[in-house]
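The next block holds one structure in the form of structure tokens; read it before the comments.
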Amino acid sequence: MSTDPQNLALTEHHGVYPAIDPASTLKGSAAGKVLFITGASRGIGRATALAFAEAGAKAVYLTARSPAELEATRDLVRQANPQTQCAFSLCDVTRAEQVEAAVADCVQTFGAIDVADANAGYLAQWTKIGESDPANWWHTWEVNVRGAYHVIRFCLPHLIASARKWAAQGSSGGHLILLSSIGAQRLAPTASDYQTSKHAINRLCEFVQVDHGQDGIKCFAIHPGGVATELGRNMPKDRHVYLTDSPDLAAGFIVWLAAGKADWAAGRYLSANWDVQELTAQKDEILRNDLLVNRLRTQV
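Quick note, the sequence shown lines up with residues -18 to 281 if you use this note's numbering.
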């Protein structure tokens, strides 16, 4: 594995803390907003849906491939905040027509999309490239990159409308969250499919900002922390020691981003583990040196 952590030297958190708590500090920050989220049936996706409900979202639209687990998430959203509307549809993010239909249904049902969270992902058992199954290797890219692209492509018109609407009210909208990973910055043997796909997500985030920043879009590629999800446990067992973070950490961090707290960092890779107050304190240095983006390292 690369010995360069490519990480900011900030205080690390492993669960919700006051600055990103949707039930206290951020309560009401999502009022009037509609969240569209893929991969919402369990883990980080489910936690994010609940966090937006706690933060007072108008509505949460869930997508995944498991109807029973989507129903369970919907019920939990309603328990978290009976005032937050919730609906869902079955959706395979690798199928453009299914994502397009889910987005259309969300807008028809709730009138808008203010926050889009491309949370669906795939992580297979790691293996050396020369021993990998070609179909499975490429499926990782299909879900992680093509799936994120589909969410971006079909949500963007509605996110642009959201950005304009909220800007006219002196607030912030049009937030797009792409699930990346700290693995995007690493070179771990046997992780070629997963880590290259997440590296591509970071660059895709930059392109969204280059193409649509002028439209008011705020796109972020985030590391959600090391969470012991079903996907996470597909990593080699010696990596499981790093799966110490609560899914609520990423959920609170995403609510914080959607509240407009880090619009200045749009187009960049951010980690949910980073203390947000310390991150904000480094704003000038990050912007001056164009940090937290994918660049070729050279020596002058």
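The beta carbon of each residue, even a glycine, is placed where N, CA and C say it ideally should be. Owing to the predicted nature of the structure, the values given are computational and were not obtained by experimental measurement.
Close-in-space but distant-in-sequence residues of the same chain around residue i (CB under 7 Å, 5 per side omitted)
i	result
Val58	Ala30, Leu31, Ala34, Val41, Thr65 and Cys67
Ile182	Asn125, Val126, Ala129, Leu159, Ser161, Ala165 and Ala202
Trp118	Asp174
Asp196	Ile141 and Ala144
Ala172	Trp107 and Gly164
Asp256	Leu(-9), Thr(-8) and His(-6)
Buried or exposed by the 16-neighbour rule on C-beta atoms within 10 Å, applied to residue i
i	result
Pro115	exposed
Arg249	buried
Ser47	exposed
Lys199	buried
Lys242	buried
Met(-18)	In this prediction, Met(-18) scores a pLDDT of 35, lower than 50, which makes its location untrustworthy; the coordinate-derived value is nonetheless stated afterwards. Under this definition Met(-18) is an exposed residue.
Asn(-12)	exposed
Presumed contact (8 Å Cβ cut-off) between residue i and residue j, rounded CB distance
i	j	result
Ile133	Ala99	7 Å
Val96	Ala4	No, Val96 and Ala4 are not in contact; Cβ-Cβ is about 18 Å, not under 8 Å.
Ser22	Glu50	4 Å
Thr(-8)	Glu266	Thr(-8) to Glu266, Cβ: 17 Å. No contact.
Phe17	Ile94	5 Å
Gly13	Lys39	5 Å
Same chain, Cβ closer than 8 Å to residue i, five either side skipped, listed in chain order
i	result
Ile25	Asn100, Leu160, Pro205, Val208, Thr210, Pro228, Ala231 and Ala232
Gly9	Ala36 and Gly37
Residues near residue i by beta carbon distance below 6 Å, same chain, minus five either side
i	result
Asn275	Asn183 and Arg184
Trp147	Ser153 and Gly154
Ser113	none
Closer than 8 Å: residue i CB and nearest the ligand NAP heavy atom
i	result
Leu251	The ligand NAP is not part of this structure, which contains no ligands at all.
Runs of beta strand (DSSP E) lying entirely within the segment 149 to 212, each at least 3 residues, in chain order: Here the runs fully enclosed are 156 to 160 and 199 to 204.
Complete runs of the beta strand (DSSP E) confined to the segment -14 to 72 [at least 3 residues]: Segments of the beta strand (DSSP E) lying fully in the segment -14 to 72: 15 to 19, 40 to 45 and 66 to 71.
Meets three-Cβ-pair contact criterion under 8 Å: the segment 133 to 143 and the segment 73 to 91: A contact between stretches requires three or more CB pairs, one per stretch, nearer than 8 Å, and the segment 133 to 143 meets this requirement with the segment 73 to 91.
Complete beta strand (DSSP E) runs within the segment 98 to 129 (minimum length 3 residues, chain order): Those beta strand (DSSP E) runs which fall completely within the segment 98 to 129 and span 3+ residues do not exist here.
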